[in-house]
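Engineer: At position 23 of the sequence shown the residue is numbered 22 (numbering that gives the first Met the number 0), and the sequence of numbers has no breaks.
We treat Cβ as the ideally placed atom computed from N, Cα and C, and that holds for glycine.
Bear in mind that the values here come from a model prediction, so they are computed numbers and not experimental data.
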Amino acid sequence: MDTSVRELKARLSHYLKLAARGEQVTVTSRGRPIARLMPAAPETANKEPSAAEINRRLAAIPGVILPTGPKPRGSKHPIRIRKGEKTLSEIVLESRR
């Protein structure tokens with residue numbers, strides 16, 4: 000079944016119901032197919048990707064470097080703020096006023 004972008008926008012829930020029932024809907028713009036609406040694959044419909052799958056997808060992106068060590072825990076020696084001193088966020092907020 001084919002439909003225009005305008006028709007899809009006007010009757011989106013109708014076309015989503017068709018797709019849920021197994022029909023494929025081709026969306027056209029000025030008569031050219033630009034997208035296809037189809038039912039989700041049963042095994043992936045409600046399944047979240049695993050951490051390994053997410054890492055595999057990220058590693059496939061040029062320039063992405065995956066972490067190799069454990070998650071950082073913060074400083075062993077955090078800076079203590081004395082009573083009455085301003086925090087960095089307070090100083091930044093004041094400078095923006």
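Thinking C-alpha only, which one of 87, 70, 5 is nearest residue 78?
Structural biologist: As a working mapping, residue 78 is identified with position 79 in the sequence shown. Minimum Cα distance to residue 78 is reached at 87.
Engineer: Distance, Cα to Cα, residue 28 vs residue 61?
Structural biologist: For the purposes of this step, residue 28 is taken as residue 29 along the sequence shown, with counting starting at 1. For the purposes of this step, residue 61 is taken as residue 62 along the sequence shown, with counting starting at 1. Cα-Cα distance, rounded: 32 Å.
Engineer: For residue 28, name the three-state secondary structure that DSSP assigns.
Structural biologist: In the sequence shown, the residue the question calls residue 28 occupies position 29. In this structure, residue 28 counts as strand in the three-state DSSP scheme.
Engineer: Does the separation of the CB atoms of residue 0 and residue 26 fall below 7 Å?
Structural biologist: Your numbering for residue 0 matches position 1 in the sequence shown. Your numbering for residue 26 matches position 27 in the sequence shown. Not closer than 7 Å, so no.
Engineer: Using three-state DSSP, classify residue 49 as helix, strand or coil.
Structural biologist: Start at 1 with the first residue of the sequence shown, and residue 49 comes out as number 50. Reduced to three states, the DSSP call for residue 49 is coil.
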